[in-house]
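Last residue of the sequence shown: 471 in UniProt numbering, with the numbers rising by one and none dropped.
Each residue gets a CB set at the ideal place from its N, CA and C atoms; glycine is no exception.
Heads up: the structure comes next, in C-alpha cells.
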Amino acid sequence: MVKETKLYDLLNVSPDASFAQLKKAYRAAALKFHPDKIAASGESEEKKKEATRVFQEITTAYEILSDEKKRQTYDAYGEAGLKGVPAPGFSDRFQQAESFVDQLFRSSPTSDLDALFDSLAGGRPMGNFQRRMRKGRDILHTTYCTLADFYHGRTMKLSLTKKIKCPECAGRGGTQLVQCSACLGLGTIVNETRMGIVYQRVQTTCHQCNGSGMYIPEEYICGTCHGDRLIDKKVILDVEVPKGVKPGYQVVFENEADEGINIIPGDVVITLQEDKRRPTKNFQRRGNNLITSVTLSLATALCGGLLKIEHLNKRTIKIYVNRGDLANPNTIKVAKGYGMPIYAETDIGETRYGDLIIKFNIEFPKMNELSEVQYNMLSKALNPSYKPRNISSSSSSEDVSVEDFSPLSGSTRTSTTRSATASITGLKDPAEAAEEDSDESDIVYLTDFPGFDAQSREWDAEQQSKRFKSG
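Listed below in C-alpha cells is the structure:
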C-alpha cells in the first residue's frame, strides 16, 4: 500500500508498475506534452505554458519513480518525504528528454531519419547526435623495396580491401526501422522481483536489437549489405617511393582506412623497408653512403691501372689506380658524390649525393701459377739485395720427408724436398730469420686456410668462393 499515487497518475501507471512500464509511459507522455510539439500544432500561448508545466511534472515524476531509493521513500511517505532531498542529475535527465523529442520535431525529415538510423541502429544515445566523432583505427602495412628502388625512386601499386558504408542503403542497413518488440524500444530487458518494499532488478542487453531499441524488419533489410551497413571494397593505392629515402620511411594516406558508423576513417600507413632477400649486387647502404668492394690483381695494385665499376645509376665508373695508391691489402678509398641521393622533404633544387666507399681486395698469384724464373724476377724487383740460391746434390745432403703440421686437426701432409736445409725460393732460411728476429719475437705456426685441398695440394677455388658467399 502506497502513501499517495500522484506521480503514478501523472505517468498513467499503477503503483506496482515495473521499471520498463515506467520508462515506456514516460516516453509516451514526453512526446505528447513536449512544448515544441504543441507550438508546431498552432495552439495558443496559454496551452503552450500548460504543456510546459505538465512536461516538467511528468519528467519530475519519472526522475523520482525510476530511482529505487526515491521510489521507496515516496511509496512510504509521499511527496512530503521527499522534501529537502536533492535530485542529482535532474537537469541532465530533463535535457536528455527534451533532446529526445527535439530530434523528432525540430529537424528536417531527412536529417531526422539519418540521425535516428545512426543513433538507434548504431546504439548511440539519443540527445547527443552532434558530439564529436572519434577516429577509427589505422591500417598498418610494410612493403619491401630493393636498394635500386630507394636509389631511383618509383611508384608502387598496392591493393587494399577495406570496409565502406553500403552505397545502396547509405550505411543504414535497410529502409525502415521499427521499435523492438522484445524490449519495447528500451534496449535492455529488466527482470525484477519485489519482496515487501525491496526491489531486486537484473538488467541485461536486449538480444533481439543488440541494445539499440530498434531493428529493421526482414522485408526492409538492404539486399546489398544484408543489414550489416558495411561492405568490402577493393581499392588500388599508388605508393610513391621518393628517391633517397631511408628504410623506415612512411607513406600516409589520410582517412583511407575502414569506414564505420559514427567514426572518421583512420589512415593507411605504409612503411618502406629494404628487401634483404633481394640484395643489390656488389652494393650495400650505410646511411647516405654506398659501400662496394673491388678485386684487382697484384700487378694492378703495384703498377697501377684502370678499373671499371657498374654503378646503381646505370653508368660505368672508371677508377684510375696510381702506383703506390694501394699500399696495403683491403685499402679503402672514397669517391665523393657517388653515394645515395640525399632525400629532402622540401625541394632544394639540385639533388645532393652521399659518397661511394670502395674496399680494394688484392688477388695474389695462386700456387705454382708463376715459373721459377718469374719468382726470381719478382723477388729481385722487390728486394734488390736478393741473390738466387743454387742448391746442388752432394755427399753431405740427402732426401728427407717433411710433414706439414696442422694444429687444428692434428693431421699431417707429406712432401719431399731435395735438401735437409729448409729453403723456399725467394725467402730467407728459417735459421737466418730466427737469428735476425730473435729480439722479443714470437714463433707463429701458420695453418692452411679452409678450402685448401690436403690431398691434391691444389687450391680449391670453387670451395673458397662458396665460403666467402656464405660468410
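K3 is the residue among A17, K3, E259, C145 whose C-alpha sits nearest the C-alpha of Y77.
In the three-state scheme derived from DSSP, where H, G and I count as helix and E and B as strand, D232 is classed as strand. In this structure, the beta-carbon distance from D232 to K163 falls below 8 Å. Distance from F19 to V202 at the Cβ level is roughly 11 Å; contact not present, criterion being Cβ atoms closer than 8 Å. With respect to the 8 Å criterion, T143 and D238 are not classified as neighbours on the basis of their beta carbons. For the pair of segments examined, the stretch 245-264 was found not to touch the stretch 203-211: the number of CB pairs separated by less than 8 Å stays below three. If the five residues before and after E254 are omitted, its C-beta is found closer than 8 Å to the C-beta atoms of D267, all from its own chain and listed in chain order. Under a 10 Å Cβ-count criterion, M377 is classified as exposed, with fewer than 16 other Cβ atoms of the shown protein chains found around its own Cβ. When only Cα atoms are considered, R286 and D228 end up about 50 Å apart. Here V252 is exposed. Its C-beta has fewer than 16 other C-beta atoms within 10 Å. K163 has D232 as its beta-bridge partners, per DSSP. Residue pairing by DSSP places E274 opposite C145 in a beta bridge. Here the stretch 333-344 does not lie against the stretch 364-372, with fewer than 3 beta-carbon pairs under 8 Å apart. In terms of Cα proximity to Y215, the closest of K380, L290, C183 is C183.
Taking 8 Å as the cut-off, the beta carbon of N12 is found closer than this to the beta carbon of A25. Inclusion of R134 and I263 in the CB contact set at 8 Å is warranted, their separation being smaller than that value. Taking C-beta separations shorter than 6 Å and ignoring five residues to either side along the sequence, the partners of T271 in its chain run T142, Q250, following chain order.
Bounds of the alpha helix (DSSP H) holding V373 are 372-382. Looking from the CA of I139, the closest CA among D258, T188, T52 belongs to D258.
By a beta-carbon distance limit of 8 Å, T73 does not contact L65. Their separation comes to about 11 Å. Measuring C-alpha to C-alpha distances from K281 to each of C169, A301, N289, S293 identifies S293 as the nearest. Rounded to the nearest angstrom, the Cβ distance from L326 to A301 is 5 Å, consistent with a contact under 8 Å.
8 Å or more divides the Cβ of S181 from the Cβ of K234.
In this chain, Y220 is not harboured by any alpha helix (DSSP H), its DSSP state being neither H nor E. For T316, the closest C-alpha among the options K47, L306, G324, T161 is that of L306. Counting along the chain, the unbroken alpha helix (DSSP H) around F19 starts and ends at 19-33. Taking the Cβ atoms as the reference, I221 lies roughly 19 Å from G260, outside the contact range of under 8 Å.
Sixteen is the threshold: when 16 or more other Cβ atoms of the shown chains lie within 10 Å of the Cβ of K23, as they do, the residue is buried. Distance from the CA atom of E256 to the CA atom of G171, rounded to whole angstroms, is 17 Å. Per DSSP, the continuous beta strand (DSSP E) segment holding R285 begins and ends at 284-286. D238 carries a strand assignment under DSSP once its states are collapsed to helix, strand and coil. For the options I319, E310, V54, S297, the alpha carbon positioned closest to that of N328 is the one of S297. Distance from the CA atom of D149 to the CA atom of A335, rounded to whole angstroms, is 22 Å.
With at least 16 other beta carbons inside 10 angstroms of its own, I358 counts as buried. Separation of A381 and Y353 (C-alpha to C-alpha, rounded to the nearest whole angstrom) is 43 Å. Using a Cβ distance threshold of 8 Å, N361 and T295 count as a contacting pair.
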